[in-house]
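Novice: To start, I am sharing the structure in question, which I have written as C-alpha cells.
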Amino acid sequence: MTRPITEAEVTSFWSEGVVVLRGILPTNWLAGLDEAVEHAIGSGETANLGPIAGDSSTSSPGFYAGVDHWKTSTAFSALAFDSPVVPIVASLLRSRHLWLWEDSLLVKEPGAPFETKFHSDDGYFHVSGEQVCTVWIPLDPAGPHNGALRWVRGSHNEGVSYRPNLFVTDEPLPHTVGSVVPEVEGSPEFADRMVSYDLEPGDITVHHARTLHGAPANASTSRRRAVSIRYCGDDARYCIKPGLSVREGLDASLDGHPVGPPICPAVLSATS
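Residue numbers (the working numbering): 10 to 281.
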C-alpha cells in the first residue's frame, strides 16, 4: 500500500457509502491498460450499450462495457489481484480476506450521449453482505463534463434492495425483484445528498455495493475510460437472485454459503 488508510477514510466509506482516495494508486499500475482496453473493445469483449437506450443511438459515439477482463488480460489481472488496491479495500472493509467477484471496463467515447442511470451494484450479482464494495479507477481525467460518477450519500444504509436496470435506461431487468430505483435526477429529496469528484489517474473511489450511483453523458471531446472492480469481504455470502444470469458452478445448493473459489477467486487471505 502506498500509504495507510486513515480512520476518517474508513468512517467515510461506512457512513457515506463512498470515499475518494487521491493519488493513492501509482500510475505504473495503469500503464499496461491502454493496450488492454483497446483489445477489449476491438475483440468483442465489450458491448456497446448505446443501442439499448432506444433513441436511435446506433450512430452515436459508443458507451462500451465488459466484464471479467482479468481472465484474459495480465494487465487487468495484475490490477485486481496484485496492486495496492487490494490492501486499500481490505482496510476500508475491515476484512481479513478478499475475494473477487468481477472487474469491468467502462468507456464513454467523446460525445457519447448516454447517462448511466442510477442503480446499486448489489442488484446485479448473486452476493449478499456488508463487506462488499466497488472500486472505480479512472484511466483518464474524469469530471461532470465527461461522465464522472455521482453517488447518493447514505443510500447504502436505507435497507432497500433495488432492482437492477439496463444502465442506459431506467427499465428494470425482467423477472428481478426489489424496489424500482426512484427518480434521483432533479429530485429535492436527493439534491443535498449527491456527491461527485473530479478525478485524475491515480485517484480511486470506493463505494458500498448498495450505494446508489450514476453518471452523466460524456459531453466532452475526450474519452472517459474507467475500470471498476467488485470485491467481497469476510461476511459475503452467495445469494441467488431471480432474473440474473447465473455463473457456471453457482446453483441453489450454494445459497447462503461463504463466497470462494472457484466462483470467486481469492485475492487476499489472513495469512498473506
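Glycine included, each C-beta is placed from N, C-alpha and C at the ideal position.
As the structure is a computational prediction, the values presented were derived from the model and not from experiment.
Rounded to a whole number of angstroms, what is the C-alpha to C-alpha distance between Lys-126 and Asn-174?
Specialist: Rounded to the nearest angstrom, the two C-alpha atoms are 8 Å apart.
Novice: Could you tell me whether the Cβ atoms of Pro-153 and Pro-210 are closer together than 9 Å?
Specialist: No, the Cβ-Cβ distance between Pro-153 and Pro-210 is not below 9 Å.
Novice: Using the Cα positions of Tyr-73 and Asp-244, report the straight-line distance between them to the nearest angstrom.
Specialist: Roughly 32 Å between the two C-alpha positions.
Novice: Counting pairs of beta carbons, one from the stretch 74-87 and one from the stretch 49-64, are three or more of them closer than 8 Å?
Specialist: Contact between the stretch 74-87 and the stretch 49-64 is present, because at least three Cβ pairs lie under 8 Å.
Novice: Which residues in the same chain have their Cβ closer than 6 Å to the Cβ of Leu-30, if we skip the five residues on either side of it in sequence?
Specialist: The residues are Ile-213.
Novice: Give me whichever residues DSSP pairs with Val-215 in a beta bridge.
Specialist: Partner(s): Val-28, Val-144.
Novice: Taking DSSP as the reference, what is the three-state secondary structure of Gly-152?
Specialist: Note: Gly-152 maps to coil in three-state DSSP.
Novice: Quick one: give me the first and last residue of the beta strand (DSSP E) that Asp-43 is part of.
Specialist: Premise fails: Asp-43 lies in the alpha helix (DSSP H), 42-51, not in any beta strand (DSSP E).
Novice: Do the CB positions of Gly-26 and His-266 come within less than 9 Å of each other?
Specialist: Not closer than 9 Å, so no.
Novice: When you compare only the Cα positions, how much space is there between Leu-114 and Asp-149?
Specialist: Each residue's alpha carbon lies about 13 Å from the other.
Novice: Among Leu-107, Tyr-133, Thr-83, which one has its Cα closest to the Cα of Val-186?
Specialist: Ranking Leu-107, Tyr-133, Thr-83 by Cα distance to Val-186 puts Tyr-133 first.
Novice: Exposed or buried, which one is Thr-11 when buried takes at least 16 other CB atoms within 10 Å?
Specialist: Exposed.
Novice: Roughly how far, in whole angstroms, is the beta-carbon of Tyr-247 from the beta-carbon of Val-98, given that I think they are within contact range, below 8 Å?
Specialist: Not a contact, Cβ separation roughly 20 Å.
Novice: May I ask which residues mark the beginning and end of the beta strand (DSSP E) holding Thr-125?
Specialist: First-last of the beta strand (DSSP E) with Thr-125: 125-128.
Novice: Answer with buried or exposed for Lys-80, where buried requires no fewer than 16 other C-beta atoms within 10 angstroms of its C-beta.
Specialist: Exposed, since its Cβ has fewer than 16 Cβ neighbours within 10 Å.
Novice: Among Gly-258, Trp-23, Glu-180, which has the Cα closest to the Cα of Thr-220?
Specialist: Ranking Gly-258, Trp-23, Glu-180 by Cα distance to Thr-220 puts Trp-23 first.
Novice: Between which two residues does the alpha helix (DSSP H) containing Glu-198 stretch?
Specialist: 197-200 is the span of the alpha helix (DSSP H), which, as asked, contains Glu-198.
Novice: Where His-106 and Pro-93 are concerned, what is the direct C-alpha to C-alpha distance, given to the nearest angstrom?
Specialist: Rounded to the nearest angstrom, the two C-alpha atoms are 15 Å apart.
Novice: Which same chain residues end up closer than 7 Å to Cys-273 when comparing Cβ atoms and leaving out the 5 residues on each side of it in sequence?
Specialist: The answer, listed in chain order, is Trp-108, Leu-109, Trp-110, Cys-241.
Novice: With 16 other CB atoms within 10 Å as the buried threshold, where does Pro-181 fall?
Specialist: Classification of Pro-181: buried, given that the 10 Å Cβ count is 16 or more.
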